[in-house]
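Heads up: the structure comes next, in structure tokens.
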């Protein structure tokens, strides 16, 4: 009986000492596909768009029997510009608004229309969609996304799981990849509640090799902001970014 109790205790100890698995990822703050209500549109797409389908591939003109009005608006900081057209073909004013939109601007489209269906009662409907403008070419870690994940796993995740078996609170670090491809302005945007872990994450982020910087529509290098997230909660299927 005594041997059984000792064996059970050792087994329990072994299980409690297993390192906690952690989820982790890094995305551009404007290009994270798992957060925000907005679709993404690149600068080059906006500058050449002539129809609603050009700026949002999900839009289908076949849904519409008759247009009433189509409004396109651009919100860049506190500056808002609007133009109204009569169908899915963009007017010159609407195209000008899109061409002047820059990184971080939000494009809002509102379509008032009569749906295409066979219902007797077929009142006007309103359709809305919004898009966030992103760089024409997103900044890239040397070797690509999988190499970036490998670096983060080796220099952050493996280091943490080797020293603690406790669940890790969600931590986030925001940083810029500047026009020279260097990581800059890294700061904790959400603490892991462990000072040493926060320090380790920041050091790993700041010591990343040089990236290929983002480019604007003219091919000029620009800065882009990214966010690294990690923690035990990221493994939950119901986790909300």
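Residue numbers (the numbering used here): 12 to 252.
We put the beta carbon where it would ideally sit given N, CA and C, even for glycine.
This structure is a prediction, so every number in the text was calculated from the model and none was measured.
Residue 138 versus residue 205 - alpha carbon distance: Here the alpha carbon of residue 138 sits roughly 46 angstroms from the alpha carbon of residue 205.
Within 8 angstroms, strictly: CB atoms of residue 126 and residue 76: yes
Nonlocal neighbours in the same chain, by C-beta distance under 6 angstroms from residue 92, ignoring five residues either side: The answer, listed in chain order, is 85 and 108.
Reduced DSSP category for residue 4 - H, G, I as helix; E, B as strand; rest coil: There is no way to answer for residue 4, as the model of the chain reaches only from 12 to 252.
Cβ neighbour criterion (16 or more within 10 Å) applied to residue 99: buried
8 angstroms Cβ cutoff met for residue 39 and residue 186: Here residue 39 is not near residue 186, since their CB atoms are 8 angstroms or more apart.
Inter-residue CB distance, residue 157 and residue 182 (contact presumed, cutoff 8 angstroms): Between residue 182 and residue 157 the Cβ distance is about 22 angstroms, and since that is not below 8 angstroms, they are no contact.
Residue 27 versus residue 193: straight-line alpha-carbon distance, rounded: Any reading at residue 27 needs caution, since the residue's pLDDT is 40, under 50, leaving its predicted position unreliable; the model's value is listed next. Computed Cα separation, rounded: 41 angstroms.
Sheet register partners of residue 62 (DSSP bridge): 100
Unbroken beta strand (DSSP E) run spanning residue 35, endpoints: 34-39
CA-to-CA distance, residue 207 to residue 21, given in whole angstroms: Low per-residue confidence applies at residue 21: pLDDT is 39, beneath 50, and the placement is therefore not dependable, though the value from the model is reported in the following sentence. Computed Cα separation, rounded: 29 angstroms.
Buried/exposed call for residue 24, threshold 16 Cβ in 10 Å: For residue 24, the pLDDT reaches just 37, beneath the cut-off of 50, and the residue's location in the model is therefore unreliable, leaving the point undetermined.
Whether residue 72 touches residue 114 by CB criterion (8 angstroms): Contact flag unset, no.
Beta carbon proximity, residue 150 to chain C, threshold 8 angstroms: Given the protein chain composition of this structure (a single chain), no chain C is represented.
Selected residue, minimal CA-CA separation from residue 166, among 134, 219, 117 and 227: The residue with the shortest Cα to Cα distance from residue 166 is 219.
Proximal residues to residue 209 (C-beta, below 6 angstroms), its chain only, five neighbours per side dropped: 199, 202 and 203
Collapsed DSSP secondary structure at residue 206 in the structure displayed: helix
Entirely enclosed beta strand (DSSP E) segments - the stretch 147-189, minimum 3 residues: 182-188
Where residue 220 falls: helix, strand or coil (DSSP): When secondary structure is reduced to three states using DSSP, residue 220 falls in the coil class, being assigned neither helix nor strand.
Boundaries (first-last residue) of the beta strand (DSSP E) holding residue 121: 117-126
CB contact flag (residue 258, residue 144, <8 angstroms): Outside the displayed span of the chain (12 to 252) sits residue 258, for which this structure offers no information.
Sequence-distant residues of the same chain with beta carbon closer than 8 angstroms to residue 249, five excluded per side: The pLDDT assigned to residue 249 is 45, lower than 50, so where the model puts this residue is not dependable; a value taken from the coordinates is nonetheless given after this. Around residue 249: no qualifying Cβ.
Buried or exposed (CB count within 10 angstroms, at least 16 for buried), residue 224: buried
Residue 77 - partner residues in DSSP beta bridges: 125
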